[in-house]
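Report on one structure; see the data block that follows.
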Amino acid sequence: MYGRKAYQLVKEFTNSESGQLTGFNDDLFAQVIEDCKEHVLKLQSLLRKMQEEGSDNQTTKNADHFGALMHHLALVRNKRCLMAYVYNRAEVVQNLGWTIDLVLPLEIEEKLSISEKEYFKSHSKTLKSYMSDLDIDLAVDMVPPKDPYIKVRVLEEIGNVVLSDQSANLTRYAILFLRRTDAEQYISQGKMEELTG
Amino acid sequence: MANYYDIDDILADEELVPAVFLEAVNGVGLFESNEANRVEPRSKVELPFWLARELHLRQAVSVTIPPCFNKKTREEIGADGAHVDLRSRSSYFYELGCKIVQLMGDKSIGSLLLVAFQTRYKEVLIKAHTAASSLTPKFLSSLTKEETKLYDAAKSSTAAFKTWRMGGPRFQKAAVLGRKRKPIGGE
Numbered sequence: 001m002y003g004r005k006a007y008q009l010v011k012e013f014t015n016s017e018s019g020q021l022t023g024f025n026d027d028l029f030a031q032v033i034e035d036c037k038e039h040v041l042k043l044q045s046l047l048r049k050m051q052e053e054g055s056d057n058q059t060t061k062n063a064d065h066f067g068a069l070m071h072h073l074a075l076v077r078n079k080r081c082l083m084a085y086v087y088n089r090a091e092v093v094q095n096l097g098w099t100i101d102l103v104l105p106l107e108i109e110e111k112l113s114i115s116e117k118e119y120f121k122s123h124s125k126t127l128k129s130y131m132s133d134l135d136i137d138l139a140v141d142m143v144p145p146k147d148p149y150i151k152v153r154v155l156e157e158i159g160n161v162v163l164s165d166q167s168a169n170l171t172r173y174a175i176l177f178l179r180r181t182d183a184e185q186y187i188s189q190g191k192m193e194e195l196t197g
Numbered sequence: 001m002a003n004y005y006d007i008d009d010i011l012a013d014e015e016l017v018p019a020v021f022l023e024a025v026n027g028v029g030l031f032e033s034n035e036a037n038r039v040e041p042r043s044k045v046e047l048p049f050w051l052a053r054e055l056h057l058r059q060a061v062s063v064t065i066p067p068c069f070n071k072k073t074r075e076e077i078g079a080d081g082a083h084v085d086l087r088s089r090s091s092y093f094y095e096l097g098c099k100i101v102q103l104m105g106d107k108s109i110g111s112l113l114l115v116a117f118q119t120r121y122k123e124v125l126i127k128a129h130t131a132a133s134s135l136t137p138k139f140l141s142s143l144t145k146e147e148t149k150l151y152d153a154a155k156s157s158t159a160a161f162k163t164w165r166m167g168g169p170r171f172q173k174a175a176v177l178g179r180k181r182k183p184i185g186g187e
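Sequence order for the protein chains is Z and F. The first sequence begins at 1 in the UniProt record's numbering and counts up one residue at a time. The second sequence begins at 1 in the UniProt record's numbering and counts up one residue at a time.
Next up, the structure:
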């Protein structure tokens, strides 16, 4: 059936949890484009046939006309599926720039296509330069803190780090009080967790 | 028309609807067995909605109401809408219904959708707010896409309310990095 592969492509996007990505399916993507090329060929041959018979595609509603129409519709449909696939993935990639720093973790990076990687890089670069122009970090928590310090547990070995108010040795499983603004980036990267109570 | 990039709208458009060709069509290989690449008038086919709609508007095919809106389903929904397995009929029951109404002008589907949604809405919210999801797999598998979203939204808002009341952690690992760990100090 027409548009089947394009449908599978879009379907695959929904299989991932919202806000997460599955690997870019180069193979299926190329297959859909291949489908499109086939439709174009058939569409052209039908139109040529009509021209040779001297009938006008605008007015004659014969079998060739409807054949061409169906190929045209399939093309439009395939295009929409391809665009939606790329567009929706790009939105997720864009959000990455807000939540994690310039360096992508390996498990995410391998899921992106080459142009998506580039898109991520330039998007987060733009974001960074905008924030430095404003001199405000827009990615911080919107709720004002009750206490500038929070208690965190380190989940991954980080090592000696110079923070804004102290230099701390962030070894694994260490529990310490850090400035919220310092801890925030580590938490969103999954290297620390906040402890409450 | 819905958003061009709307994934759900695209998927809903793929639902099959029965149709009968009114015109002959050349150069189209709809059936694998058909070597002549030609569809004869009066052939009965199931077409995805995106194709059927356009052809119907151009009077090349005549679309009939899909089986998920047949008499049997109507009776079941009338009897007890909350426990009908709508997903097995169509994952996009409501979306497809709305599209069909626009195309065919069958007024009775509109009220059917409304009744179905009203009775099921209540049930979905009650289940989402109270029962643990492990207790309701059968119920969950009968929901359409739209209802599953509603269920998840209700679930997550209950969870958010609980964290707010208990004063849970403000910060969490970025969602893209995978499932978040269960907060150890949170419970």
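A virtual CB, placed ideally from N, CA and C, is assigned to each residue, including glycine.
Residue 16 of chain F sits in a strand when the DSSP states are folded into three classes. For residue 184 of chain Z, the closest alpha carbon among the candidates Z:142, Z:172, Z:27, Z:173 is that of Z:142. For residue 59 of chain F and residue 22 of chain F, the gap between their C-alpha atoms comes out near 7 angstroms. Less than 8 angstroms divides the Cβ of residue 144 of chain F from the Cβ of residue 91 of chain F. When DSSP states are grouped into helix, strand and coil, residue 162 of chain Z belongs to the strand group.
According to DSSP, residue pairing for residue 192 of chain Z in a beta bridge involves Z:154.
Listed by position along chain F, the residues whose Cβ is nearer than 7 angstroms to that of residue 10 of chain Z are 7, 10, 11. With a 10 Å radius around the Cβ and a threshold of 16 neighbouring Cβ atoms, residue 4 of chain F comes out exposed. A residue is called buried once 16 or more other Cβ atoms fall within 10 Å of its Cβ, and residue 110 of chain Z, having fewer, is exposed. Under the 10 Å beta carbon count, residue 138 of chain Z is surrounded by fewer than 16 other beta carbons and is classified as exposed. DSSP assignment within the UniProt domain "GINS subunit" (69-164) of chain F yields the following whole alpha helix (DSSP H) runs of 4 residues or more, N-terminal first: 71-80, 93-104, 107-130, 137-140. Residue 14 of chain Z has a beta carbon lying within less than 8 angstroms of a beta carbon in chain F. Within the UniProt domain "GINS subunit" (69-164) of chain F, no residue has a Cβ lying closer than 7 angstroms to any Cβ of chain Z. Rounded to the nearest whole angstrom, the CA to CA distance from residue 12 of chain F to residue 95 of chain F is 7 angstroms. For residue 108 of chain Z, the enclosing alpha helix (DSSP H) starts and ends at 106-109.
The C-alpha of residue 8 of chain Z lies about 22 angstroms from the C-alpha of residue 114 of chain Z. With fewer than three CB-CB distances shorter than 8 angstroms, the stretch 40-48 of chain F does not count as touching the stretch 71-85 of chain F.
By the C-beta criterion, the stretch 140-156 of chain F is judged to be in contact with the stretch 123-130 of chain F, since at least 3 inter-stretch pairs fall below 8 angstroms.
Two segments are said to touch when three or more pairs of C-beta atoms, one from each, lie closer than 8 angstroms; by this definition the stretch 12-26 of chain Z touches the stretch 84-100 of chain Z. Listed in chain order, the non-local C-beta contacts of residue 78 of chain Z below 7 angstroms within the same chain comprise 3, 6, 32, 35, 36, local neighbours out to five positions each way being set aside.
At least one CB atom of chain Z sits nearer than 8 angstroms to the CB of residue 58 of chain F.
At least one beta carbon of chain F lies nearer than 8 angstroms to the beta carbon of residue 81 of chain Z.
Non-local beta-carbon contacts of residue 80 of chain Z in its own chain, meaning distances under 6 angstroms to residues more than five positions away in sequence, are absent.
When the Cα atoms are used, residue 151 of chain Z and residue 107 of chain Z turn out to be separated by approximately 28 angstroms. Residue-level contact by beta carbon fails for residue 18 of chain F and chain Z, as no gap is shorter than 8 angstroms. According to the DSSP assignment, residue 47 of chain F belongs to the beta strand (DSSP E) that extends over 44-48.
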